[in-house]
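The block underneath contains the structure these notes are about, expressed in structure tokens.
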Amino acid sequence: MSERPDESGRPPAGARRTSGDAREEDGDGDDAVIGRALVRSLVVLGCLAAAACGIALWRFWPRPQPIPVESQLTLPSRRARPEVVVPRLPFTDMTAPAGITFVHENGAAGEKLLPETMGGGCACFDFDGDGDQDILFTSGCRWPWDERPVERPATQALYRNDGDWTFTDVTAGSGLDITCYATGVAVGDFDADGRTDVFLSAVGPDRLLRNLGDGRFADVTAAAGVAGDEGDWGTSCCFLDADGDGDLDLFVCHYVVWSRALDRAQDFRLVGGGRAYGRPQNFAGTFPRLWRNDGAGRFTDVSAEAGVQVRNPATDVPAAKSLGVACDDLDGDGLIDIVVANDTVQNFLFHNLGAGRFAELAGPVGVAYDTEGRARGAMGIDIARFRNDDEVGILIGNFANEMSALYVSTGRQLQFRDDAVSNGLGPETRQELTFGVLFADVDLDGRLDILQTNGHLEEDINKVQRTQFYEQSPELFWNCGVDQPTEFVAVALASVGEGFHRPLVGRGAARADLDGDGDPDFVLTSSGGAPRLLRNDQATGHHWVRIRLVGPAANPEAIGALVELVSPADHGTQRRCVGPARSYQSQSELPVTFGLGTAAGPVTIRVRWPDGTFSTHADLPVDGVHTLRHDAAATVPPAA
Numbered sequence: 247m248s249e250r251p252d253e254s255g256r257p258p259a260g261a262r263r264t265s266g267d268a269r270e271e272d273g274d275g276d277d278a279v280i281g282r283a284l285v286r287s288l289v290v291l292g293c294l295a296a297a298a299c300g301i302a303l304w305r306f307w308p309r310p311q312p313i314p315v316e317s318q319l320t321l322p323s324r325r326a327r328p329e330v331v332v333p334r335l336p337f338t339d340m341t342a343p344a345g346i347t348f349v350h351e352n353g354a355a356g357e358k359l360l361p362e363t364m365g366g367g368c369a370c371f372d373f374d375g376d377g378d379q380d381i382l383f384t385s386g387c388r389w390p391w392d393e394r395p396v397e398r399p400a401t402q403a404l405y406r407n408d409g410d411w412t413f414t415d416v417t418a419g420s421g422l423d424i425t426c427y428a429t430g431v432a433v434g435d436f437d438a439d440g441r442t443d444v445f446l447s448a449v450g451p452d453r454l455l456r457n458l459g460d461g462r463f464a465d466v467t468a469a470a471g472v473a474g475d476e477g478d479w480g481t482s483c484c485f486l487d488a489d490g491d492g493d494l495d496l497f498v499c500h501y502v503v504w505s506r507a508l509d510r511a512q513d514f515r516l517v518g519g520g521r522a523y524g525r526p527q528n529f530a531g532t533f534p535r536l537w538r539n540d541g542a543g544r545f546t547d548v549s550a551e552a553g554v555q556v557r558n559p560a561t562d563v564p565a566a567k568s569l570g571v572a573c574d575d576l577d578g579d580g581l582i583d584i585v586v587a588n589d590t591v592q593n594f595l596f597h598n599l600g601a602g603r604f605a606e607l608a609g610p611v612g613v614a615y616d617t618e619g620r621a622r623g624a625m626g627i628d629i630a631r632f633r634n635d636d637e638v639g640i641l642i643g644n645f646a647n648e649m650s651a652l653y654v655s656t657g658r659q660l661q662f663r664d665d666a667v668s669n670g671l672g673p674e675t676r677q678e679l680t681f682g683v684l685f686a687d688v689d690l691d692g693r694l695d696i697l698q699t700n701g702h703l704e705e706d707i708n709k710v711q712r713t714q715f716y717e718q719s720p721e722l723f724w725n726c727g728v729d730q731p732t733e734f735v736a737v738a739l740a741s742v743g744e745g746f747h748r749p750l751v752g753r754g755a756a757r758a759d760l761d762g763d764g765d766p767d768f769v770l771t772s773s774g775g776a777p778r779l780l781r782n783d784q785a786t787g788h789h790w791v792r793i794r795l796v797g798p799a800a801n802p803e804a805i806g807a808l809v810e811l812v813s814p815a816d817h818g819t820q821r822r823c824v825g826p827a828r829s830y831q832s833q834s835e836l837p838v839t840f841g842l843g844t845a846a847g848p849v850t851i852r853v854r855w856p857d858g859t860f861s862t863h864a865d866l867p868v869d870g871v872h873t874l875r876h877d878a879a880a881t882v883p884p885a886a
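Per our numbering, residue 247 is the first one in the sequence shown, and the count goes up by one each step.
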């Protein structure tokens, strides 16, 4: 039985073929031969085509070109610059050896009230007339509602300089042993009796204390009429002859409108933490106050008519949030101008128009904002001719992550630019929160260097900002000269020493030659802590000369005089404006110091007195202090 084919029609494997099948097989074989021949032909044609394409590709494919050999580049020649070698500038912490035991009281008790962050100031002045510089520290106090027990209420602290770095606490019975929430201090002989008086700005009423000359001060605030208002918050302050009548008037900065109730209602918080200190942006602005000295111990508030009350042009509310003030004749017209450092709002420059009138020009002259037109958190301020020419520098310390400002005038023109970045100061000061700033010739080489005190507001700031610390190190910047690649260079820890560099909650700062060796020493204050006395131990061997002025009858301390070192002129013409108000809530000594470098003198000093007269004093020996007296009969106007 034959096997059936499968459904495909193909016979099963192994089935025998019949004759008919053989015939069909012969026919299929012819077709296979033809198919194989066709495939071979197609393969040959494909090979020929591929060969033709290969030849075409070989002929027309772009040949690799040889890589050209570049000639050797010639770099532009670099101007050779001398290496800047910073001298060793060591300081020694003399606080404890000198007998200074004062500790600042800020009243902090957990409520986090804004005034507790601002600290106090200090003043270096000769209160007893013995020729050396004594020290006054301002202090806050416990708040009236604070029920914590206290052994002795905090007061201001007066230390008498007994020489050889020995200071005696003479506060008790001095009249300065008063308890108030004092912040800033101004010193000046407002009654022209030859003794330096003291004004204390405060949270609440201010105080004016008249020097009686026997180590005691009398509170004459009420009689003088300068207490201000109960709700005032005074900060930096200064004596100056604002109206050109010869006697000393009084300028007082105010910070913000503040009260305990306002502060507590804000409920400020640290990120992820508890209550924090508030921001000035959340408090209303204020006006500074100018008190005109009317003589006979009386003052009159002339702020409005004098032009020092600045309003926000958009809202017409008081614009000032002032923390620092310094005075100088910025344009050489013989009139003293006022510059105010404001926190988070524009700074002020009050240009003296004469007769007690001022015009606020900070915006037009370029000192109101930073280079991008933004207000900064400005604190302390100082003014100096640090390049030994006609250019005036306005130095302002700013908040953390805002570099310090150094506005520099164009000659005697009232136009400024911020040189802090170009001269090397700005980048080095960006991280710190700076309060006190001072110009001082630390190494007596004839160029003014810069000191800054730093410290934050929040004790726990490092928990939320890893780059910030409550206690911060002071900084010293050495002036290399305007012809150097970097005008100011930060002095390293190894040079200044641990006593200088050790962190503190820095606030105010004052400079004075506390030991009579010619170079400037420093006093730094700390919020809620002990101050620091820094003895300058530089040993460069540079020469110096110090000038103390005895001025006209109405202004015996010659505040506002301009002192010029005529010779030698190794570093240009050095000029100093006599005035203690500088830094933050503090006052520096009145005598002025000129560093002479290696010049051995003698020197010539020229004085433009506050009354506009001039005198020249030739052949003064170096390395000493000279007292120059105003004599109306001997002084003459300068030659044209």
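Even glycine gets a Cβ: it sits at the ideal position worked out from N, Cα and C.
Checklist entry - Around the C-beta of Trp391, are 16 or more other C-beta atoms found within 10 angstroms, so that it is buried, or is it exposed? => result exposed
Please go through the same chain and pick out, in chain order, the residues whose beta-carbon is closer than 7 Å to the beta-carbon of Ala799, but skip the five residues on each side of it. Ala438
- Can you check DSSP and say which residues form a bridge with Trp790? Gly841
Original post:
Between Leu811 and Phe840, is the Cβ-Cβ spacing less than 7 Å?
Top reply: yes
Worksheet item: CA-CA distance, Ala522 and Val751?
Response: 17 Å
Margin query: DSSP has Phe681 in a bridge; who is on the other side?
Written below: Answer is none; Phe681 lacks a bridge partner.
- Touching by the beta-carbon criterion (3+ pairs, under 8 Å), the stretch 851 to 860 and the stretch 706 to 726: no
- request: With a cut-off of 8 Å on the beta carbons, I'd call His788 and Thr844 a contact; round off their distance for me.
  value: 7 Å
Practice item. Specify the secondary structure class of Val611 as computed by DSSP and reduced to three states. Key: helix
Per-residue DSSP class, three states only, for His747:
helix
**Study point:** Contacting residues, own chain, Cβ-Cβ under 6 Å from Pro361 (five flanking each side not counted)
**Key:** Val449
- Below 7 Å between beta carbons: does that hold for Asp489 and Gly578? no
message = Based on DSSP bridge pairs, tell me the residues matched to Trp537.
response = Leu496, Asp547
| Candidates Leu660, Gln677, Pro343: which alpha carbon is nearest Thr713's? | Gln677
**Message:** Just to confirm my understanding: we take Gly477, look at its own chain, exclude 5 residues before and 5 after, and list those with CB closer than 6 Å. What are they?
**Reply:** none
If I measure Cβ to Cβ from Leu599 and keep anything under 7 Å in the same chain, skipping five residues before and after, which residues do I get? Ala605
| request: Please look up how many angstroms separate the CB atoms of Cys368 and Phe383, rounded, as I've assumed it's under 8 Å. | output: 5 Å
* Asked: Smallest Cα separation from Asp904: which of Thr850, Pro826, Ala651, Glu704?
  -> Nothing about residue 904 can be read from this structure; the chain reaches only from 247 to 886.
Opposing strand residues paired with Ala758 [DSSP bridges]:
Asp767
query = Looking at Asp574 and Ile629, is the spacing between their C-beta atoms short of 7 Å?
reply = yes
message = Let me check understanding here. Comparing Cα to Cα, which of Trp479, Ala550, Gly612, Asp495 lies closest to Ala530?
response = Trp479
Look up Pro564 in the DSSP assignment and give the residues it is bridged to.
Arg557
Discussion item. Less than 8 Å between C-beta atoms, sequence neighbours within five positions excluded: which residues of the same chain meet that for Leu874?
Written reply: Ile793, Arg794, Leu795, Val796, Ile851, Val853, Ser861, His863
Local conformation of Val444 per DSSP, three classes: strand
Whole-angstrom distance between Val769 and Leu660, CA atom to CA atom: 32 Å
Next item on the list: Using three-state DSSP, classify Ile696 as helix, strand or coil.
Entry: strand
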